[in-house]
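Student: So the sequence lines, in the order shown, correspond to chains Y and A. Heads up: the first sequence begins at 1 in the numbering used here, then just goes up one per residue. Heads up: the second sequence begins at 1001 in the numbering used here, then just goes up one per residue. Okay, here's the structure, questions in a sec.
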Amino acid sequence: MEDSTIVAWEICDRLIRNGYEVLPPVISGEQAIAAARRGLPDLVIMDIRLRGTMDGIDAVREIQKRTSIPVIYLTGNSDEATTRRVLETHPVANITKPFDEHDLLAAVAQAFNHKSG
Amino acid sequence: MMSFKAWLAGLAGPGSPVGWVLRLSMRAQVALVVILVQSAIMLVLAFVFPTLTKRIGVDSAAQQAYGIASMTAYALAPAVVSGDRRTIEGALEIAKQNQDLAFAVVADSAGRILASYQPLPVPVQEILDGHRLTDDGMVSEAVVPILYEGASIGRLYIGLSLRSMYARILRVSLISAAIIIFVMVFGVALVVAGGALTTLPLRRIVATVNTIVPEGLHTRAEVPEQREVRLLAISFNRMLDRIQQQTDALQSEIGERQRAETALQESAQSYMRLFDSVTEAIYVQDAKGRFLNINRGALTMYGYSREEVIGQTPAMLTAPGMNDLDRLAQQLDLARRGLPQSFEWWGRRKNGEVFPKEVSLNRGTYFGQDVILAVARDISVRKKTEEQLRASLQEKEVLLKEIHHRVKNNLQVISSLLYLQSQSAGNEALLGMFQDSQNRIRSMALVHERLYMSTDLNRIDMDGYLRDLVTGLVRSMCPSGSPITVTTSAENLFLNIETAIPCGLIVNELVTNSLKYAFPGGEHGEITVSLAASVFPRYILSVRDTGVGLPEQISVEGTQSLGLHLVSILASQLEGVVETTRSGGTMFTITFRGA
């Protein structure tokens, strides 16, 4: 879930090229919740700043009420209050932009290992 | 019991006669004394003199009577013997010659009257019976025997009238009284005149004294001839000389004092004007903290009148419950010891409005008294401005952070676009170019990321930045791991964004080159990036690898390579110089001007 569709496109492309299946990216929290319910993904990659009234952390909380999908935050928001809220949702990783592919793939791999383990 | 002194004091008191006498003039006192003495003498003379004179007159009359009687008796003796009445009466002629003869009676030894002569009507029998022999004050009597041949043949009774004597006594007394009165009057007149004459020089001195007031101290008393008064006048004139000297000195001193007083008044007025002209509130507090004085600035600040504040304590000007009173007590104590104190305080105006003020306390003296001088400035406006500035600054910081965030996101979008474009690149070389471009963008995005995360929006921690930058490069270019060890060091170095971005781009290019070309065989090696401060404001950046070394034909200045060309351009942007060392690998050293 990424507010910039271009960045989301890059992430999707990198994940697909590395063998992952990816649901189409969405641009708001509400869409993310709906997509998670509908698609039941194995992993959610979430930006914190989203369009609409809900931010990424609120959307994750909503998603986590019904499922236990692991979450990776990919964001530029790194202030203390946000970091605290992020940690309350127990993410697999919190990657700050600009990201590199290595960090992204490592975090995704960790999420799947965690899930399978 | 009244003491002797008290008795004397009472005697000479204002209401007593003695006091009255003591207040009289000397002349009057002398005249009074003379009158009293003369009156006493007169009294003595009035009582004693007539009595004495009478006694002497009576005695004298008695002796005279006795003498007349003796003489007459002697002459009568033969006549009595003869029995001739005529002879007897003739013999009485001796007695009759006395004008004062009151009676003369001749009796025989048997008591028969032989002859009598009585100018005064005195009964003969009474004379014979001796009833008249006692002195009644009017007649002096004598009885003598008439002797003949040694035998008493009869008696002679002689009485002398005292009237003429009494008349003489009265005359003499009147003359004496007249003389005494004359003497009294003369004496008093003499005293008065003499006193007037004697006190004339004194009165002249008094007159001189009286002229001193209107005419001034240069007046001198006339020096008379009389010794005592002369000495008095000389002493008086000397005293006047001395008084004049003293007066001159005193007037000089008074003049100086008046000038000093005028200067003091002017000084006090100047002080008060100065005191009141200060817009800050100034309070003068005594040792107990009470206000001794406050200036107009304080009255304006608080809205009280001076009378309302004088004698009060700072509690009336303090916002209750908003200040640390214990701390104030400590600061007052320190100020009293001579350590100036300065702090912020919440004040309260008369209308109840609470406002912030800046207070300074200093020890001082106020008209000889140790005091605390407090100066307070209303900082409401300043506080409000500060608050606005702080809010404005905070808002701008938030905005600036947002800008950095958006720049970083945009750079991320550009990077993503390049990535997506690179996926359609036909060959590795083209893919590499895209990769290089993405890395360059990333090096810039990292600066914005750092600024966004930092509390200091002006400076970038170069140590963390270079570490993130180089680590990302290695991961990007050697995704499957690398045998090359990359180390960075830039401890405690902070640069602004204008310097950090070119610096980051230079490091990006040089490390990329080293990763690409220094270790062609995939061998182990080291890349070291270090940034250090030189002579301010210059910094030394060095990028060194232990690889095969830069070919001799390639130089930073004459290169066709975009990377090295960028290094050259960016170094010149930083007013820097690039030095290349080809020994045990390659080392680029850029000395640049930073900020």
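Beta carbons are placed, not taken as given, at the ideal position from N, Cα and C, and that holds for glycine. Note that the structure is a prediction, hence the values are computed from the model and not measured.
For A:Asn1458, I'd like the list of residues in its chain whose CB is within less than 7 Å of its CB, leaving aside the five on either flank, ordered along the chain.
Tutor: So the qualifying residues of the chain are Asn1496.
Student: Under 8 Å between the Cβ atoms of A:Arg1117 and A:Leu1092?
Tutor: The question names Arg, yet the displayed sequence has Tyr at residue 1117 of chain A. In this structure, A:Leu1092 lies closer than 8 Å to A:Tyr1117 by Cβ.
Student: Mind listing the chain Y neighbours of A:Tyr1419? Cutoff is C-beta to C-beta under 7 Å, in chain order.
Tutor: Chain Y residues near A:Tyr1419: Glu10.
Student: So, is A:Thr1051 buried or exposed, given that buried needs 16 or more other C-beta atoms within 10 angstroms?
Tutor: Burial call: exposed.
Student: Would you please verify whether the beta carbon of Y:His90 is less than 8 Å from any beta carbon of chain A?
Tutor: No, Y:His90 lies away from the interface with chain A (no Cβ there is under 8 Å from its Cβ).
Student: According to DSSP, is A:Gln1029 helix, strand or coil?
Tutor: Here A:Gln1029 sits in helix by DSSP.
Student: For A:Asn1427, decide whether its Cβ has a neighbour in chain Y, counting only Cβ atoms nearer than 8 Å.
Tutor: So no, A:Asn1427 is outside the interface.
Student: Taking C-alpha atoms, which residue in Y:Trp9, Y:Leu15, Y:Ala81 lies nearest to Y:Leu43?
Tutor: When only C-alpha atoms are compared, the closest one is Y:Leu15.
Student: Taking only the alpha-carbon atoms, compute the straight-line gap between Y:Ala35 and A:Ala1595 and give it to the nearest angstrom.
Tutor: Cα to Cα, Y:Ala35 sits roughly 49 Å from A:Ala1595.
Student: Under a three-way DSSP split, which group does A:Phe1355 fall into?
Tutor: A:Phe1355 falls in the strand class under three-state DSSP.
Student: Taking just the CA atoms, how far does Y:Ala109 sit from A:Thr1559?
Tutor: One C-alpha to the other measures close to 42 Å.
Student: Consult DSSP for A:Thr1134 and reduce its assignment to one of helix, strand or coil.
Tutor: Because A:Thr1134 sits at a pLDDT of 48, beneath the cut-off of 50, its placement in the model cannot be relied upon, and the following sentence gives the value as read from the coordinates. Coil at A:Thr1134, not helix or strand.
Student: Tell me which residues share the same chain as Y:Glu2 and place their Cβ nearer than 6 Å to its Cβ, disregarding the 5 neighbours each side in the sequence.
Tutor: Confidence in Y:Glu2 is poor, its pLDDT being 49 and thus under 50, which makes the residue's placement unreliable; the coordinate value appears in the next sentence. If we look at Y:Glu2 and ignore the five residues flanking it on each side, its Cβ neighbours are Ala8, Pro25, Asp47.
Student: Under the three-state reduction of DSSP, which class applies to A:Asn1492: helix, strand or coil?
Tutor: It is coil, neither helix nor strand.
Student: What would DSSP say about A:Glu1402, mapped onto helix, strand or coil?
Tutor: Looking at A:Glu1402 - three-state DSSP - the assignment turns out to be helix.
Student: Measuring alpha carbon to alpha carbon, tell me which of A:Ile1153, A:Val1407, A:Ser1416, A:Ile1180 ends up nearest A:Leu1451.
Tutor: It is A:Val1407.
Student: Is there contact here, the stretch 1026 to 1033 of chain A with the stretch 1095 to 1115 of chain A, by at least three beta-carbon pairs under 8 Å?
Tutor: The answer is no - the stretch 1095 to 1115 of chain A does not touch the stretch 1026 to 1033 of chain A, with fewer than three Cβ pairs under 8 Å.
Student: Mind pulling the chain A residues with CB within less than 9 Å of Y:Pro25?
Tutor: Going along chain A, no residue has its Cβ under 9 Å from Y:Pro25, so there is no contact; the nearest lies around 12 Å.
Student: Report the residue ranges of all alpha helix (DSSP H) runs contained in full by the stretch 1295 to 1362 of chain A; include only those spanning at least 4 residues, in chain order.
Tutor: List check, alpha helix (DSSP H) in window: 1296 to 1302, 1306 to 1309, 1325 to 1336.
Student: How big is the Cα-Cα spacing for A:Gln1488 and A:Val1543?
Tutor: Rather than Gln, the amino acid found at residue 1488 of chain A in this sequence is Thr. Each residue's Cα considered, the two are about 9 Å apart.
Student: For A:Ala1588 and A:Glu1395, I'd like the C-alpha separation in whole angstroms.
Tutor: Note that residue 1588 of chain A is Phe in the sequence shown here, rather than Ala. Between A:Phe1588 and A:Glu1395, the C-alpha separation is close to 42 Å.
Student: For A:Gly981 and A:Thr1318, which I take to be in contact (beta-carbon distance under 8 Å), what is that distance rounded to the nearest angstrom?
Tutor: A question about residue 981 of chain A goes unanswered here, because the residues of chain A that appear run from 1001 up to 1595.
Student: Which whole-angstrom value is the C-beta distance of A:Val1223 and A:Ile1212, which I expect to be below 8 Å?
Tutor: Not really, about 16 Å apart at Cβ, beyond 8 Å.
Student: Using only the alpha-carbon positions, how far apart do A:Gln1251 and A:Ile1294 sit?
Tutor: Whole-angstrom Cα-Cα distance: 38 Å.
Student: Please report the residue range of the beta strand (DSSP E) in which Y:Ile72 lies.
Tutor: Its beta strand (DSSP E) spans residues 71 to 75.
Student: Smallest Cα separation from A:Gln1064: which of A:Ile1041, A:Gly1015, A:Ile1158?
Tutor: The candidate whose alpha carbon is nearest that of A:Gln1064 is A:Ile1158.
Student: Check whether chain Y comes within 8 Å of A:Pro1479, counting only Cβ atoms and requiring the distance to be less than that.
Tutor: Chain Y, which has a Cβ nearer than 8 Å to the Cβ of A:Pro1479, makes this yes.
Student: Please state whether the Cβ-Cβ distance between A:Ile1088 and A:Ala1102 is less than 8 Å.
Tutor: No, they are not a contact pair.
Student: Give me whichever residues DSSP pairs with A:Thr1528 in a beta bridge.
Tutor: The partner list for A:Thr1528 (beta bridge, DSSP) reads A:Thr1487, A:Arg1544.
Student: What does a CB cutoff of less than 8 Å around Y:Arg125 pick up in its chain, not counting 5 residues either side in sequence?
Tutor: What the structure shows of chain Y is the stretch from 1 to 117, and residue 125 of chain Y is not part of that stretch, so it cannot be assessed.
Student: If we ignore side chains and look at the alpha-carbon of each, how far apart do A:Pro1123 and A:Ile1181 end up?
Tutor: Rounded to whole angstroms, A:Pro1123 to A:Ile1181 spans 44 Å at the Cα level.
Student: Quick one: complete beta strand (DSSP E) runs, 3+ long, within the stretch 1560 to 1584 of chain A?
Tutor: Runs of the beta strand (DSSP E) inside the stretch 1560 to 1584 of chain A: 1577 to 1581.
Student: Alpha carbon to alpha carbon, how far is A:Met1453 from A:Pro1502?
Tutor: Approximately 20 Å between the Cα atoms of the pair.
Student: Against chain A, does Y:Asp58 count as a neighbour if the rule is that its beta carbon must be under 8 Å from one of theirs?
Tutor: Cβ-Cβ to chain A under 8 Å: no for Y:Asp58.
Student: Taking just the CA atoms, how far does A:Gly1321 sit from A:Arg1296?
Tutor: Using only the alpha carbons, I get a separation of about 27 Å.
Student: Establish whether the CB of Y:Val7 and some CB of chain A are separated by less than 8 Å.
Tutor: So, interface residue.
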